[in-house]
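Trainee: Got a structure here, written out as C-alpha coordinates. Questions coming.
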Amino acid sequence: MPDHTVTAESLVAVSAVPLGLVIVAVALRFYARRHQKASLLADDWLMLPALITFIGACSCVFYAVHLQAIGYSTFEISKEQRQATLERSGKTQMSLSLVSIICLGCIKASALFFYKRIFCVAGRKAVLNIIIIVLLVIIACWVVIFEFLLAFQCGTHFSAPWDGTQLEYCTRSYPTLQAQATSNLVLDLIVLVLPVYPVIQLQTTRSRKVAIVGIFLLACFSSQSLFLTVGQSAIHRIDPEKYLSRVVFYIILEMGVGLVAVNLPSIWMVFASVAPDALLRSIRSVVSIASFRSGRSRLSRERHEPEPLGSRASSSSILPFSSTGNKIVVGAPYELKPQSPVTDEFEPIPLAGDHATRLAKTQYSICKET
88 MPDHTVTAES LVAVSAVPLG LVIVAVALRF YARRHQKASL LADDWLMLPA
138 LITFIGACSC VFYAVHLQAI GYSTFEISKE QRQATLERSG KTQMSLSLVS
188 IICLGCIKAS ALFFYKRIFC VAGRKAVLNI IIIVLLVIIA CWVVIFEFLL
238 AFQCGTHFSA PWDGTQLEYC TRSYPTLQAQ ATSNLVLDLI VLVLPVYPVI
288 QLQTTRSRKV AIVGIFLLAC FSSQSLFLTV GQSAIHRIDP EKYLSRVVFY
338 IILEMGVGLV AVNLPSIWMV FASVAPDALL RSIRSVVSIA SFRSGRSRLS
388 RERHEPEPLG SRASSSSILP FSSTGNKIVV GAPYELKPQS PVTDEFEPIP
438 LAGDHATRLA KTQYSICKET
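Heads up, the sequence shown is in our numbering, so the first residue is 88 and it goes up one at a time.
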(Lines of atoms letter the chains of each structure in order from A; the text may use other names.)
(Lines give C-alpha, C1' and ligand atoms only; values in the text may rest on other atoms or scores of the structure.)
Protein backbone atom coordinates (compact mmCIF):
# COMPACT_ATOMS: atom_id res chain seq x y z
CA MET A 88 0.00 0.00 0.00
CA PRO A 89 1.44 3.43 -0.89
CA ASP A 90 2.34 5.73 1.96
CA HIS A 91 -0.06 8.50 1.05
CA THR A 92 -3.11 6.23 1.47
CA VAL A 93 -2.59 5.79 5.22
CA THR A 94 -4.40 8.93 6.27
CA ALA A 95 -6.64 9.75 9.18
CA GLU A 96 -9.69 8.96 7.05
CA SER A 97 -8.34 5.56 6.01
CA LEU A 98 -7.57 4.67 9.62
CA VAL A 99 -11.11 5.56 10.67
CA ALA A 100 -12.53 3.54 7.77
CA VAL A 101 -10.37 0.47 8.41
CA SER A 102 -11.53 0.54 12.04
CA ALA A 103 -15.24 1.30 11.57
CA VAL A 104 -16.06 -1.12 8.74
CA PRO A 105 -14.43 -4.24 10.24
CA LEU A 106 -15.89 -3.34 13.63
CA GLY A 107 -19.43 -3.59 12.25
CA LEU A 108 -18.63 -6.80 10.38
CA VAL A 109 -17.05 -8.39 13.45
CA ILE A 110 -20.04 -7.61 15.67
CA VAL A 111 -22.39 -9.17 13.10
CA ALA A 112 -20.11 -12.20 12.63
CA VAL A 113 -19.85 -12.94 16.36
CA ALA A 114 -23.62 -12.53 16.80
CA LEU A 115 -24.27 -14.92 13.91
CA ARG A 116 -21.83 -17.42 15.41
CA PHE A 117 -23.83 -17.63 18.64
CA TYR A 118 -27.06 -17.78 16.63
CA ALA A 119 -25.58 -20.67 14.65
CA ARG A 120 -24.82 -22.59 17.83
CA ARG A 121 -28.37 -22.05 19.06
CA HIS A 122 -29.82 -23.01 15.67
CA GLN A 123 -27.77 -26.23 15.65
CA LYS A 124 -28.61 -26.87 19.32
CA ALA A 125 -24.87 -27.25 19.88
CA SER A 126 -23.06 -26.55 23.12
CA LEU A 127 -21.05 -23.36 23.54
CA LEU A 128 -17.44 -24.45 23.86
CA ALA A 129 -14.11 -22.69 24.31
CA ASP A 130 -13.92 -21.61 20.66
CA ASP A 131 -17.18 -19.69 21.12
CA TRP A 132 -16.41 -18.11 24.49
CA LEU A 133 -13.00 -16.88 23.30
CA MET A 134 -14.83 -14.71 20.78
CA LEU A 135 -16.13 -12.53 23.61
CA PRO A 136 -12.71 -11.30 24.88
CA ALA A 137 -11.55 -11.06 21.26
CA LEU A 138 -14.55 -8.87 20.41
CA ILE A 139 -14.13 -6.71 23.53
CA THR A 140 -10.43 -6.13 22.88
CA PHE A 141 -11.10 -5.36 19.21
CA ILE A 142 -13.70 -2.77 20.20
CA GLY A 143 -11.12 -1.31 22.59
CA ALA A 144 -8.47 -1.23 19.83
CA CYS A 145 -10.82 0.55 17.42
CA SER A 146 -11.73 3.04 20.14
CA CYS A 147 -8.02 3.75 20.67
CA VAL A 148 -7.62 4.39 16.93
CA PHE A 149 -10.55 6.81 16.89
CA TYR A 150 -9.17 8.71 19.87
CA ALA A 151 -5.60 8.73 18.51
CA VAL A 152 -6.82 10.15 15.20
CA HIS A 153 -8.73 12.79 17.13
CA LEU A 154 -5.51 13.72 18.94
CA GLN A 155 -3.65 13.70 15.59
CA ALA A 156 -1.24 11.13 17.03
CA ILE A 157 -1.66 8.83 14.00
CA GLY A 158 -2.85 9.40 10.48
CA TYR A 159 -0.59 12.39 9.94
CA SER A 160 3.03 12.87 8.95
CA THR A 161 5.62 14.04 11.46
CA PHE A 162 6.08 17.19 9.39
CA GLU A 163 2.36 18.06 9.36
CA ILE A 164 2.05 18.53 13.14
CA SER A 165 3.70 21.43 14.89
CA LYS A 166 5.87 20.88 17.94
CA GLU A 167 3.42 22.76 20.14
CA GLN A 168 0.50 20.55 19.05
CA ARG A 169 2.51 17.41 19.68
CA GLN A 170 3.57 18.52 23.16
CA ALA A 171 -0.03 19.36 24.08
CA THR A 172 -1.25 15.82 23.36
CA LEU A 173 1.96 13.91 24.11
CA GLU A 174 0.86 12.13 27.27
CA ARG A 175 -2.61 11.22 26.03
CA SER A 176 -1.17 9.95 22.75
CA GLY A 177 1.33 7.76 24.60
CA LYS A 178 -1.37 6.18 26.76
CA THR A 179 -3.59 5.59 23.73
CA GLN A 180 -0.83 3.96 21.68
CA MET A 181 0.28 1.79 24.58
CA SER A 182 -3.28 0.64 25.26
CA LEU A 183 -3.72 -0.19 21.58
CA SER A 184 -0.57 -2.33 21.57
CA LEU A 185 -1.57 -4.28 24.68
CA VAL A 186 -5.17 -5.05 23.66
CA SER A 187 -4.12 -6.00 20.11
CA ILE A 188 -1.86 -8.78 21.43
CA ILE A 189 -4.68 -10.17 23.57
CA CYS A 190 -7.09 -10.01 20.64
CA LEU A 191 -4.72 -11.80 18.26
CA GLY A 192 -4.03 -14.48 20.87
CA CYS A 193 -7.75 -15.11 21.40
CA ILE A 194 -8.31 -15.41 17.64
CA LYS A 195 -5.59 -18.04 17.27
CA ALA A 196 -6.76 -19.97 20.33
CA SER A 197 -10.38 -19.91 19.13
CA ALA A 198 -9.33 -21.31 15.76
CA LEU A 199 -7.46 -24.17 17.45
CA PHE A 200 -10.40 -25.03 19.71
CA PHE A 201 -12.65 -24.95 16.64
CA TYR A 202 -10.41 -27.57 15.03
CA LYS A 203 -10.92 -29.76 18.11
CA ARG A 204 -14.68 -29.37 17.73
CA ILE A 205 -15.07 -30.30 14.06
CA PHE A 206 -12.26 -32.82 13.76
CA CYS A 207 -13.14 -34.72 16.98
CA VAL A 208 -9.63 -35.05 18.35
CA ALA A 209 -10.64 -35.76 21.93
CA GLY A 210 -8.25 -38.65 22.40
CA ARG A 211 -5.12 -37.82 24.36
CA LYS A 212 -2.91 -39.76 21.97
CA ALA A 213 -4.33 -38.27 18.77
CA VAL A 214 -1.58 -36.54 16.82
CA LEU A 215 -3.71 -33.54 15.91
CA ASN A 216 -4.85 -33.19 19.51
CA ILE A 217 -1.25 -33.11 20.75
CA ILE A 218 -0.31 -30.50 18.15
CA ILE A 219 -3.27 -28.32 19.13
CA ILE A 220 -2.44 -28.50 22.84
CA VAL A 221 1.21 -27.59 22.17
CA LEU A 222 0.15 -24.65 20.00
CA LEU A 223 -2.28 -23.43 22.66
CA VAL A 224 0.53 -23.39 25.22
CA ILE A 225 2.81 -21.56 22.78
CA ILE A 226 0.15 -18.95 22.04
CA ALA A 227 -0.49 -18.37 25.74
CA CYS A 228 3.24 -17.89 26.32
CA TRP A 229 3.42 -15.60 23.27
CA VAL A 230 0.73 -13.33 24.69
CA VAL A 231 2.30 -13.15 28.15
CA ILE A 232 5.85 -12.59 26.86
CA PHE A 233 4.98 -9.74 24.53
CA GLU A 234 2.72 -8.10 27.08
CA PHE A 235 5.72 -7.92 29.40
CA LEU A 236 8.10 -6.86 26.61
CA LEU A 237 5.84 -3.97 25.68
CA ALA A 238 5.32 -2.95 29.29
CA PHE A 239 9.07 -2.98 30.05
CA GLN A 240 10.45 -1.91 26.68
CA CYS A 241 11.97 1.21 28.25
CA GLY A 242 13.94 -0.61 30.92
CA THR A 243 13.74 1.17 34.27
CA HIS A 244 11.73 4.05 32.78
CA PHE A 245 8.41 2.36 33.38
CA SER A 246 6.32 5.47 32.76
CA ALA A 247 7.97 6.37 29.44
CA PRO A 248 5.62 4.32 27.22
CA TRP A 249 2.63 5.96 28.90
CA ASP A 250 3.64 9.61 29.18
CA GLY A 251 4.78 10.12 25.58
CA THR A 252 8.55 10.07 26.16
CA GLN A 253 8.95 6.70 24.47
CA LEU A 254 11.26 7.96 21.71
CA GLU A 255 13.61 9.43 24.30
CA TYR A 256 14.02 6.49 26.67
CA CYS A 257 12.83 3.38 24.81
CA THR A 258 15.54 1.87 22.64
CA ARG A 259 13.89 -1.56 22.40
CA SER A 260 10.57 -0.48 20.90
CA TYR A 261 11.39 -1.21 17.27
CA PRO A 262 13.13 -4.59 17.90
CA THR A 263 10.17 -5.62 20.06
CA LEU A 264 7.74 -4.67 17.31
CA GLN A 265 9.79 -6.59 14.74
CA ALA A 266 9.88 -9.69 16.94
CA GLN A 267 6.15 -9.47 17.55
CA ALA A 268 5.32 -9.15 13.84
CA THR A 269 7.65 -12.00 12.86
CA SER A 270 6.44 -14.42 15.53
CA ASN A 271 2.83 -13.45 14.83
CA LEU A 272 3.26 -14.29 11.14
CA VAL A 273 4.86 -17.66 11.95
CA LEU A 274 2.07 -18.60 14.36
CA ASP A 275 -0.59 -17.51 11.87
CA LEU A 276 0.89 -19.69 9.16
CA ILE A 277 1.06 -22.71 11.47
CA VAL A 278 -2.50 -22.27 12.75
CA LEU A 279 -3.96 -21.62 9.30
CA VAL A 280 -2.17 -24.49 7.55
CA LEU A 281 -2.90 -27.01 10.33
CA PRO A 282 -6.47 -27.93 9.20
CA VAL A 283 -5.62 -28.40 5.51
CA TYR A 284 -5.07 -32.17 5.73
CA PRO A 285 -8.08 -32.85 8.03
CA VAL A 286 -10.29 -30.80 5.68
CA ILE A 287 -9.29 -33.11 2.83
CA GLN A 288 -10.76 -35.99 4.88
CA LEU A 289 -14.13 -34.26 5.36
CA GLN A 290 -17.26 -36.00 4.08
CA THR A 291 -18.14 -33.31 1.55
CA THR A 292 -17.50 -32.30 -2.05
CA ARG A 293 -14.18 -31.07 -3.43
CA SER A 294 -15.52 -27.58 -4.07
CA ARG A 295 -16.57 -27.25 -0.44
CA LYS A 296 -13.18 -28.48 0.72
CA VAL A 297 -11.48 -25.78 -1.34
CA ALA A 298 -13.89 -23.17 0.01
CA ILE A 299 -13.29 -24.21 3.64
CA VAL A 300 -9.51 -24.11 3.20
CA GLY A 301 -9.85 -20.70 1.56
CA ILE A 302 -11.79 -19.40 4.56
CA PHE A 303 -9.11 -20.65 6.95
CA LEU A 304 -6.36 -19.01 4.87
CA LEU A 305 -8.24 -15.70 4.53
CA ALA A 306 -6.42 -13.99 7.39
CA CYS A 307 -2.97 -14.84 6.08
CA PHE A 308 -2.55 -11.83 3.79
CA SER A 309 -3.09 -9.22 6.52
CA SER A 310 -0.43 -10.68 8.84
CA GLN A 311 1.96 -10.83 5.88
CA SER A 312 1.27 -7.15 5.11
CA LEU A 313 1.96 -6.23 8.72
CA PHE A 314 5.23 -8.17 8.61
CA LEU A 315 6.35 -6.35 5.45
CA THR A 316 5.39 -2.96 6.89
CA VAL A 317 7.31 -3.51 10.13
CA GLY A 318 10.35 -4.49 8.08
CA GLN A 319 10.56 -1.03 6.50
CA SER A 320 12.96 0.47 9.03
CA ALA A 321 13.84 3.41 6.76
CA ILE A 322 10.36 4.91 7.20
CA HIS A 323 10.68 4.44 10.96
CA ARG A 324 13.82 6.61 11.04
CA ILE A 325 12.65 9.30 8.59
CA ASP A 326 8.99 9.73 9.55
CA PRO A 327 8.04 7.92 12.79
CA GLU A 328 4.43 9.16 12.73
CA LYS A 329 3.79 7.86 9.22
CA TYR A 330 5.45 4.55 10.09
CA LEU A 331 3.27 4.21 13.19
CA SER A 332 0.17 4.98 11.14
CA ARG A 333 0.94 2.18 8.71
CA VAL A 334 1.62 -0.31 11.51
CA VAL A 335 -1.66 0.57 13.23
CA PHE A 336 -3.50 0.27 9.90
CA TYR A 337 -2.36 -3.31 9.35
CA ILE A 338 -2.79 -4.33 12.99
CA ILE A 339 -6.45 -3.29 12.88
CA LEU A 340 -6.87 -4.91 9.46
CA GLU A 341 -5.38 -8.19 10.68
CA MET A 342 -7.58 -8.30 13.77
CA GLY A 343 -10.73 -7.47 11.79
CA VAL A 344 -10.10 -9.95 8.98
CA GLY A 345 -9.04 -12.63 11.46
CA LEU A 346 -12.17 -12.23 13.58
CA VAL A 347 -14.46 -12.40 10.56
CA ALA A 348 -12.58 -15.37 9.05
CA VAL A 349 -12.59 -17.42 12.25
CA ASN A 350 -16.39 -17.05 12.49
CA LEU A 351 -17.21 -17.83 8.85
CA PRO A 352 -17.00 -21.66 9.08
CA SER A 353 -19.49 -21.77 11.97
CA ILE A 354 -21.86 -19.39 10.18
CA TRP A 355 -21.52 -21.20 6.86
CA MET A 356 -22.51 -24.55 8.36
CA VAL A 357 -25.95 -23.18 9.23
CA PHE A 358 -26.72 -21.35 6.02
CA ALA A 359 -25.35 -24.15 3.83
CA SER A 360 -27.61 -26.70 5.54
CA VAL A 361 -30.98 -25.30 4.44
CA ALA A 362 -30.50 -25.17 0.68
CA PRO A 363 -29.83 -26.10 -2.05
CA ASP A 364 -28.69 -29.60 -1.02
CA ALA A 365 -31.58 -30.14 1.36
CA LEU A 366 -34.06 -28.94 -1.26
CA LEU A 367 -32.53 -31.17 -3.94
CA ARG A 368 -32.61 -34.20 -1.66
CA SER A 369 -36.22 -33.46 -0.75
CA ILE A 370 -37.17 -33.38 -4.43
CA ARG A 371 -35.38 -36.67 -4.98
CA SER A 372 -37.23 -38.17 -2.02
CA VAL A 373 -40.59 -37.11 -3.45
CA VAL A 374 -39.70 -38.60 -6.84
CA SER A 375 -38.58 -41.82 -5.17
CA ILE A 376 -41.87 -42.02 -3.24
CA ALA A 377 -43.89 -41.65 -6.43
CA SER A 378 -41.87 -44.30 -8.26
CA PHE A 379 -42.09 -46.65 -5.28
CA ARG A 380 -45.87 -46.26 -5.08
CA SER A 381 -46.42 -46.85 -8.81
CA GLY A 382 -44.23 -49.95 -8.72
CA ARG A 383 -46.12 -51.41 -5.76
CA SER A 384 -49.49 -50.71 -7.43
CA ARG A 385 -48.44 -52.44 -10.66
CA LEU A 386 -47.18 -55.46 -8.73
CA SER A 387 -50.45 -55.65 -6.80
CA ARG A 388 -52.49 -55.67 -10.01
CA GLU A 389 -50.37 -58.45 -11.49
CA ARG A 390 -50.90 -60.56 -8.37
CA HIS A 391 -54.71 -60.35 -8.71
CA GLU A 392 -54.90 -61.19 -12.45
CA PRO A 393 -56.23 -64.78 -13.24
CA GLU A 394 -53.55 -67.27 -14.18
CA PRO A 395 -53.79 -69.57 -17.27
CA LEU A 396 -55.18 -73.09 -16.86
CA GLY A 397 -52.58 -75.64 -16.08
CA SER A 398 -50.26 -73.14 -14.50
CA ARG A 399 -51.84 -73.31 -11.07
CA ALA A 400 -50.45 -75.69 -8.49
CA SER A 401 -52.86 -78.35 -7.21
CA SER A 402 -51.36 -78.48 -3.76
CA SER A 403 -49.27 -76.42 -1.41
CA SER A 404 -46.07 -78.26 -2.35
CA ILE A 405 -44.10 -78.68 -5.56
CA LEU A 406 -42.06 -81.78 -6.28
CA PRO A 407 -39.08 -80.87 -8.44
CA PHE A 408 -38.14 -83.66 -10.86
CA SER A 409 -35.71 -84.44 -13.61
CA SER A 410 -35.76 -87.15 -16.30
CA THR A 411 -32.88 -89.57 -16.78
CA GLY A 412 -33.71 -92.04 -19.52
CA ASN A 413 -37.05 -93.69 -18.79
CA LYS A 414 -36.90 -92.95 -15.08
CA ILE A 415 -38.19 -89.94 -13.32
CA VAL A 416 -36.26 -88.78 -10.27
CA VAL A 417 -38.43 -87.04 -7.75
CA GLY A 418 -36.75 -84.65 -5.37
CA ALA A 419 -37.73 -83.51 -1.93
CA PRO A 420 -40.80 -81.28 -1.82
CA TYR A 421 -40.38 -77.53 -1.43
CA GLU A 422 -43.04 -75.99 0.75
CA LEU A 423 -44.54 -72.74 -0.48
CA LYS A 424 -44.35 -70.07 2.21
CA PRO A 425 -47.38 -67.83 2.53
CA GLN A 426 -46.78 -64.43 0.98
CA SER A 427 -47.41 -61.30 3.02
CA PRO A 428 -50.20 -59.15 1.63
CA VAL A 429 -49.06 -56.39 -0.69
CA THR A 430 -50.23 -52.94 0.27
CA ASP A 431 -49.61 -49.43 -0.93
CA GLU A 432 -48.55 -48.28 2.50
CA PHE A 433 -45.01 -47.02 2.94
CA GLU A 434 -43.01 -45.45 5.66
CA PRO A 435 -42.65 -41.70 5.15
CA ILE A 436 -39.19 -40.48 4.16
CA PRO A 437 -37.85 -37.42 6.01
CA LEU A 438 -37.72 -34.33 3.82
CA ALA A 439 -35.98 -30.97 3.94
CA GLY A 440 -36.18 -30.31 7.66
CA ASP A 441 -34.53 -33.57 8.69
CA HIS A 442 -32.04 -33.35 5.83
CA ALA A 443 -31.01 -29.88 6.95
CA THR A 444 -30.51 -31.03 10.52
CA ARG A 445 -28.48 -34.09 9.52
CA LEU A 446 -26.49 -32.08 7.00
CA ALA A 447 -25.51 -29.52 9.63
CA LYS A 448 -24.29 -32.27 11.94
CA THR A 449 -22.48 -34.59 9.53
CA GLN A 450 -21.59 -32.79 6.32
CA TYR A 451 -18.58 -30.99 7.70
CA SER A 452 -17.29 -33.60 10.12
CA ILE A 453 -14.97 -36.53 9.76
CA CYS A 454 -16.34 -38.06 12.97
CA LYS A 455 -17.97 -41.45 12.55
CA GLU A 456 -20.89 -42.44 14.70
CA THR A 457 -20.49 -45.65 16.67
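Even for Gly, the Cβ is constructed at its ideal location relative to N, Cα and C.
Leaving aside the five residues before and after L98 along the sequence, list all residues of the same chain whose C-beta is less than 7 Å from its C-beta, in chain order.
Mentor: Numbered from 1 along the sequence shown, position 11 holds the residue referred to as residue 98. If we look at L98 and ignore the five residues flanking it on each side, its Cβ neighbours are V148, V152, I157, G158, S332, V335, F336.
Trainee: Have a look at I226 and N271 and give me their C-alpha separation to the nearest angstrom.
Mentor: The residue labelled residue 226 in the question sits at position 139 within the sequence shown. The residue labelled residue 271 in the question sits at position 184 within the sequence shown. Computed Cα separation, rounded: 9 Å.
Trainee: Only counting the same chain, and skipping five residues up and downstream in sequence, which positions put a Cβ closer than 8 Å to that of T161?
Mentor: As a working mapping, residue 161 is identified with position 74 in the sequence shown. For T161, where only same-chain residues beyond five positions count, the Cβ hits under 8 Å are D326, P327, E328, K329.
Trainee: Just to confirm the assignment: which complete alpha helix (DSSP H) runs, minimum length 4, are found wholly within the segment 177-241?
Mentor: Runs of the alpha helix (DSSP H) inside the segment 177-241: 214-238.
Trainee: Between which two residues does the alpha helix (DSSP H) carrying Y284 extend?
Mentor: To locate residue 284, count along the sequence shown from 1; it is residue 197. Y284 -> alpha helix (DSSP H) spans 283-287.
Trainee: Please report the distance separating the alpha-carbon of A196 from that of C241.
Mentor: For the purposes of this step, residue 196 is identified with residue 109 of the sequence shown, where counting begins at 1. For the purposes of this step, residue 241 is identified with residue 154 of the sequence shown, where counting begins at 1. Distance between the alpha carbons of A196 and C241 is about 29 Å.
Trainee: So S246 and Q253 are supposed to be a Cβ contact under 8 Å. How far apart are they, rounded?
Mentor: Taking the sequence shown and counting its residues from 1, one reaches residue 246 at position 159. Taking the sequence shown and counting its residues from 1, one reaches residue 253 at position 166. About 10 Å separates the two Cβ atoms, so there is no contact after all.
Trainee: When we look at the beta-carbon of F235 and count the other beta-carbons within 10 Å, is it buried (16 or more) or exposed?
Mentor: Taking the first residue of the sequence shown as 1, we reach residue 235 at position 148. F235 should be labelled exposed.
Trainee: Who are the Cβ neighbours of W249 in its own chain at under 7 Å, not counting the five residues just before and after it?
Mentor: Translated into the one-based positions of the sequence shown, residue 249 becomes position 162. The residues are G177, K178, M181.
Trainee: The alpha helix (DSSP H) that contains A56, what's its start and end?
Mentor: Outside the shown range of the chain (88 to 457) lies residue 56, about which nothing can therefore be said.
Trainee: Use the C-beta contact count for F201: other C-beta atoms within 10 angstroms, 16 or more gives buried, fewer gives exposed.
Mentor: Translated into positions along the sequence shown, residue 201 becomes position 114. Buried, since its Cβ has 16 or more Cβ neighbours within 10 Å.
Trainee: Among K166, I205, T258, which one has its Cα closest to the Cα of F239?
Mentor: On the sequence shown, residue 239 is found 152 positions in, with the first residue counted as 1. Looking at the Cα atoms, T258 is the closest of the given residues.
Trainee: With a threshold of 8 Å on Cβ separation, who are the neighbours of E255 within its own chain once the five nearest residues in sequence on each side are excluded?
Mentor: The residue labelled residue 255 in the question sits at position 168 within the sequence shown. Excluding residues within five positions, the ones whose Cβ falls inside 8 Å are A247.
Trainee: Which term fits K166, buried or exposed, when burial requires 16 or more other beta carbons within 10 angstroms of its beta carbon?
Mentor: Taking the first residue of the sequence shown as position 1, residue 166 is located at position 79. The residue in question, K166, is exposed, as its Cβ has fewer than 16 Cβ neighbours within 10 Å.
Trainee: Could you spell out where the alpha helix (DSSP H) holding T140 opens and where it closes?
Mentor: Residue 140 sits at position 53 when you count from the first residue of the sequence shown. Start and end: 134-153.
Trainee: My guess is that V109 and L346 are in contact by the Cβ rule of under 8 Å, so how many angstroms apart are they, rounded?
Mentor: Mapped onto the sequence shown, residue 109 falls at position 22. Mapped onto the sequence shown, residue 346 falls at position 259. That pair is a contact at about 4 Å.
Trainee: Cβ atoms of K203 and I219: under 7 Å apart, would you say?
Mentor: The count along the sequence shown starts at 1 and reaches residue 219 at position 132. The count along the sequence shown starts at 1 and reaches residue 203 at position 116. Yes, they are a contact pair.
Trainee: How should P282 be labelled, buried or exposed, when 16 other C-beta atoms within 10 angstroms of its C-beta is the threshold for buried?
Mentor: Along the sequence shown, one-based indexing puts residue 282 at 195. P282 comes out buried.
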